[in-house]
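Numbering (the working numbering), first residue to last: 9 to 823.
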Amino acid sequence: MENIFKVLFGLLLLSMLAFPGAAAPVTNGLVASYNGNITGNVLLDESGNYNDGYLKNAVQGTLLSTGADYVSFSGSNSQANILNNASTNITSEISVEFIGSINEFSSYGAIVSKYSDENGTGWYLSCRSDPSLQKIVFGMFDTNGVLHHCRSDIYLEAGQVYDIVVTYDGNIVHVYVNGVDSSADESPVWAVPMSGNNYNTSIAYAENGLNYLNCSMLAFRLYDRALTLSEVQQNYQNDKWKYVPDISSEIIDLKKKAYGDGGLPRYMGSHAMSQSVSGVSVVDSNLSSLGSVSMPYYQDNGGAETDYNLLNSSISGVKWKNYYAPGSSALLSFFGDNRTRLENLSLLNNSLHLSNSVTYTEDTLVTKEAVPVIGNAFQFYGDGLNTISENAVQGYTVQAYTDNGEIQNDCIFNSSGNPIYNYYQNRTAGTTRNNSVDLLLSSPQLTPMPCPSGYLGSLSFAIHADAQDPDSLKTMMYGTNDIIEPEDSTQGYIGHELMCTWSAFAASSGGAGVGFDNVSFKATLDDMYAHGFEIVPHNVIGWAGEGNPTRDTTGYYLPWYASNYTSRNWIDHGLNGGNRNTGLKSLGLDKDSSQYYIGDLLREHEVQYAWAYQDQYGSPERGLSTSRIQSLGLPYDIVWTNTNFTWDDGTPMYEWTSTWAPDKTALNYFNNTALQNMIDSYGVCFWHDYTAYNGEAFEDYYYYKDNHTINEAYDNLLLNMSEQKKAGRLWNPTVSQYIDYWRAACNVECKCTGQDTYTLINHNSETVSGYAMRVTGSYSVKLDGNDLDTKMNGNDTVFWMNLSPGTHLLTIVRA
């Protein structure tokens, strides 16, 4: 064995001394050229143009793997400057080549620049610190002072050496990484001349709008023309020896005998994880990336996104170099403003499991709290339940949130009638938030369906009570007000067997709408309730306005809903102009407002949910779905807990938002094609409308007032919804029924525990009826060995089950 290592070492030395015979670097148009050698305090220009670079606080280094020299810049008062002159002040075509590593990403950290943000001149090559944007950025000002910029589409790893080239020929810009064109903006066409300036060309620093950068430079070249792709690749091949050891075939053969065809030893298995300064990455047997967990970050109200500070890290398990085999685990602890964070990572044979928790040490208004995960990840369980997936070059970039106040925001109306949006959630000292993520390595990704029992999409009507009367209500329920036997109806909501969340006033309010005291109106409400409708307050009286209703008035009428219809939901009313009343978005949840506070009354009468007084506007482009995010879990932008208000027992109130189209435009958007698209794409819609409104705003739109018959176009839409419902494609719950399912489904945890094998844990105390998921591809599915119902939707297999409390084994088999 000792002799083998001596041979390997000797061959490695020979490979380091015998540089490959690649073509020399391109010299046509070369303005300045530097390698990683420092002479005194100077970078000598090898182009012959005497554009030497002058160093400040830079350090010489050597790569042990290749013997190549490099210059290290610390990221703090460390730089190189090339004096401005006619040759370096380029205003036509340009190529910039930097070979080196970015050791620590910083916001607009300058790799190379000749730039002034203040004067609007010059150019820069930089990077970004945002974990999801660790890419190369090239920017330049044109002669009109307009800034243009583009970025690469390749994520860079800290500390890894890259050959980065930017070219601009006066028309098109290209960004190359290791000889490959990686322009994220598809090689944008700028077609403008570049402005010059009198500033020096700097490496690792720019004093006018950019920042220091912690980086290492092995080579830098500046050209006054745009290199071609073949020339870029020529330079890349010439300089690879500096950072890629040329290992002889003998060494490769010996390595294969020890390690197999991949880079990992065979005893390590098919994949391994390694821990960097701030996260964990997973590689396959060839040491190619399978995914990673990056530096977590947070944002508080009024602040900027801020990276955590690593406090401690440990990793244990079977180790080879810096890689750990399946069965290993890592623990990382972080601290930030008013908070601490723990991340537990376990590498299994089929997945990397991340459990994280955030504990607040002081009261904090939290806007964002997340950790980026790159790879084929899924997340079902935790306080956040709000993982966003974005398309990326490699798999997905997932932001695993425990809080996202930018979407789950709180809206209130001040006395001037202006909405105030609080983009935060109130976290009290001692609160802990948890979340879990699975990064799959060899099994397909499962996704919870937004609705149960094989339904693909969901639509819930949320109808407001304004200006309803007995005739308009009957017309919308049965297709006409001239109905003798309601059960014989074949039109309207009841005729088409649809259900709604329908608000009504307890007391008649003149032109504002009738209430329970109208016998005919109340009889129709009773029939609606018998058909499964949810009858809820729209506040409690139609004439809600300034100073009305009060706590006493609301307290008088609320029992009417509880005793007649078991109402569990609330829709605000009467807040126009900033009216002060018991509306929840006025003063109804303000415990300091004794005249209007009703939080305790709602709790007493078992009201659990409330409209957030927010809408997504329907349009042909946006579609019908209230949920507008791409989520790997349940949609979290339609239902959330508002912890800025809690009930008296400390539990939060659930709020929901809706889709709304302006007066007399809804039928432009809510049509059969749009409905079909929403169902096929797993959309969820809470439709906010006024379909029984008897005033001018909706006159002859949903129904005809002269003969009280339903609009045929609207009734045909209801017919299509009914047919989609009967076909098992469209779920039509009340809003409260949807939130009930959403809450129960959120309390189901899923983990990948083997090849095509998953563990489902129902943390609820009751069975989740029809709990549904989907997987891309054609599969048969079993739960605890029993076949589950499945259906295909495009390329997806949808499956569902009645999931009892406790732990269950889920297996899938490709059909």
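All C-beta atoms, glycine included, are put in the ideal place defined by N, C-alpha and C. Note that the structure is a prediction, hence the values are computed from the model and not measured.
Quick check on Thr375: buried or exposed, where buried means 16 or more other Cβ atoms within 10 Å of its Cβ? As a position in the sequence shown, residue 375 is number 367, starting the count at 1. Buried.
DSSP puts Asp189 in a beta bridge; with which residues? Residue numbering aside, residue 189 sits at position 181 when the sequence shown is read from its first letter. Tyr184.
Quick check: the Cα distance between His361 and Asn45, rounded to an integer number of angstroms? Position 353 of the sequence shown, counting from 1, holds the residue named residue 361. Position 37 of the sequence shown, counting from 1, holds the residue named residue 45. Straight-line Cα distance between these residues: approximately 45 Å.
Specify the secondary structure class of Gly465 as computed by DSSP and reduced to three states. Here residue 465 refers to the residue found at position 457 of the sequence shown. The answer is strand: DSSP assigns Gly465 an E or B state.
Helix or strand or just coil, what does DSSP make of Glu542? Looking up residue 542 in the sequence shown gives position 534. Three-state result, Glu542: strand.
Pull the bridge partners of Cys758 from the DSSP assignment, please. On the sequence shown, position 750 is the one that residue 758 refers to. Answer by DSSP bridge pairing, in chain order: Leu768.
So, for Asn89: in the same chain, excluding its five sequence neighbours on each side, which residues have a beta-carbon less than 7 Å away from its beta-carbon? The residue given as residue 89 occupies position 81 in the sequence shown. Once the five neighbours on either side are set aside, the close Cβ partners of Asn89 are Gly61, Tyr62, Asn208 and Ser210.
Can you tell me whether Asp418 is buried or exposed? The criterion is at least 16 other CB atoms within 10 Å of its CB, across all chains shown. Indexing the sequence shown from 1 puts residue 418 at position 410. Asp418 comes out buried.
In chain order, what residues of the same chain lie with their CB nearer than 6 Å to the CB of Pro643, ignoring the 5 residues before and after it? To locate residue 643, count along the sequence shown from 1; it is residue 635. If we look at Pro643 and ignore the five residues flanking it on each side, its Cβ neighbours are Pro458, Ser635 and Val692.
With 16 other Cβ atoms within 10 Å as the buried cut-off, status of Lys122: Stepping through the sequence shown from its first residue, residue 122 is reached at position 114. Looking at its Cβ environment, which holds 16 or more other Cβ atoms inside 10 Å, Lys122 is buried.
If I measure Cβ to Cβ from Thr703 and keep anything under 6 Å in the same chain, skipping five residues before and after, which residues do I get? The residue given as residue 703 occupies position 695 in the sequence shown. A quick correction: the sequence has Gly, not Thr, at residue 703. The answer, listed in chain order, is Ala475.
Three-state secondary structure (DSSP) of Arg822: Position 814 of the sequence shown, counting from 1, holds the residue named residue 822. Reduced to three states, the DSSP call for Arg822 is strand.
Among Leu226, Asn186 and His157, whose alpha-carbon lies nearest the alpha-carbon of Thr70? Sequence index remark: in the sequence shown, residue 70 carries index 62 (1-based). Taking only the C-alpha atoms, the option nearest Thr70 is Leu226.
Length of the line joining the Cα atoms of Phe653 and Gly503: Here residue 653 is taken as the residue at index 645 of the sequence shown, counted from 1. Here residue 503 is taken as the residue at index 495 of the sequence shown, counted from 1. Approximately 40 Å, taken between the alpha carbons.
Is the number of C-beta pairs between the segment 144-159 and the segment 275-290 that are closer than 8 Å three or more? no
In chain order, what residues of the same chain lie with their CB nearer than 6 Å to the CB of Gly390, ignoring the 5 residues before and after it? Locating residue 390 in the sequence shown gives position 382, counting from the first residue. Contacts found: Asn442, Asn443 and Ser444.
Which whole-angstrom value describes the C-beta separation of Gly785 and Thr805, a residue pair presumed to lie in contact below a C-beta threshold of 8 Å? On the sequence shown, residue 785 is found 777 positions in, with the first residue counted as 1. On the sequence shown, residue 805 is found 797 positions in, with the first residue counted as 1. Yes, Gly785 and Thr805 are in contact; Cβ-Cβ is about 6 Å, under 8 Å.
May I ask you to report which of helix, strand or coil DSSP gives Asn702? As a working note, residue 702 is residue 694 in the sequence shown. Residue state, collapsed to three classes: coil.
So, are the CB atoms of Pro304 and Val379 less than 9 Å apart? Mapped onto the sequence shown, residue 304 falls at position 296. Mapped onto the sequence shown, residue 379 falls at position 371. For Pro304 and Val379, yes; Cβs fall inside 9 Å.
Between the segment 304-318 and the segment 326-334, are three or more C-beta pairs nearer than 8 Å? no
For Lys733, which of Tyr132, Ile110, Gly462 and Tyr331 has the nearest alpha-carbon? For the purposes of this step, residue 733 is identified with residue 725 of the sequence shown, where counting begins at 1. Comparing Cα-Cα distances from Lys733 to each of Tyr132, Ile110, Gly462 and Tyr331, the minimum goes to Gly462.
Would Ile110 pass as a contact of Leu133 if the rule is Cβ separation under 9 Å? Counting from 1 along the sequence shown, the entry for residue 110 is found at position 102. Counting from 1 along the sequence shown, the entry for residue 133 is found at position 125. Cβ distance not < 9 Å, so Ile110 and Leu133 don't count as in contact.
Label Asp171 either buried or exposed according to how many other C-beta atoms from any shown protein chain fall within 10 Å of its C-beta, with 16 as the threshold for buried. The sequence position of residue 171 within the sequence shown is 163, counting from 1. Asp171 comes out buried.
According to DSSP, Cys158 sits in a beta bridge with which residue or residues? Indexing the sequence shown from 1 puts residue 158 at position 150. Beta-bridge pairing links Cys158 to Phe146.
Suppose you measure from the CA of Ile747 to the CA of Leu632; what does that come to, to the nearest Å? Translated into positions along the sequence shown, residue 747 becomes position 739. Translated into positions along the sequence shown, residue 632 becomes position 624. If I take the Cα positions, the gap works out to 18 Å.
As an exercise, report each continuous beta strand (DSSP E) stretch of at least 3 residues that is fully enclosed by the segment 631-676, in chain order. 647-654 and 660-668
Using the Cβ count rule (16 or more neighbours within 10 Å means buried), how would you classify Met800? The residue given as residue 800 occupies position 792 in the sequence shown. Answer is exposed; the Cβ neighbour count stays below 16.
Nearest to Glu370 by alpha carbon, out of Asn650, Thr439 and Pro427? Taking the first residue of the sequence shown as position 1, residue 370 is located at position 362. The shortest Cα separation from Glu370 among Asn650, Thr439 and Pro427 belongs to Thr439.
Endpoints, beta strand (DSSP E) assigned at Tyr62: Here residue 62 refers to the residue found at position 54 of the sequence shown. Run containing Tyr62: Gly61 to Lys64, per the beta strand (DSSP E) assignment.
Closest to Ser203 by C-alpha separation, out of Thr151, Glu165 and Gln168, would be which residue? Here residue 203 refers to the residue found at position 195 of the sequence shown. Answer by Cα proximity: Thr151.
Would you give the residue range spanned by the beta strand (DSSP E) that Val200 belongs to? Residue 200 sits at position 192 when you count from the first residue of the sequence shown. From DSSP, Val200 is part of no beta strand (DSSP E); its letter is neither H nor E.
Indicate the three-state DSSP secondary structure (helix, strand or coil) for Tyr722 in the structure shown. On the sequence shown, residue 722 is found 714 positions in, with the first residue counted as 1. Of the three classes helix, strand and coil, the one that applies to Tyr722 here is helix, per DSSP.
Can you confirm whether the segment 680-688 touches the segment 446-456 when touching is taken to mean that 3 or more C-beta pairs between the two stretches lie within less than 8 Å? no
Can you give me the Cβ contacts of Val34 inside the same chain, cut-off strictly under 7 Å, excluding the 5 residues immediately before and after it? Working through the sequence shown from its first residue, we reach residue 34 at position 26. Same-chain partners within the cutoff: Leu235, Glu239, Gln242 and Asn243.
So if DSSP puts Phe524 in a beta bridge, which residue, or which two residues, is it bridged to? The residue labelled residue 524 in the question sits at position 516 within the sequence shown. Beta-bridge pairing links Phe524 to no other residue.
Restricting to Cα atoms, I'd like to know which of Val197, Gln168 and Asn724 is closest to His156. By one-based count along the sequence shown, residue 156 stands at place 148. Closest option to His156, Cα to Cα, is Val197.
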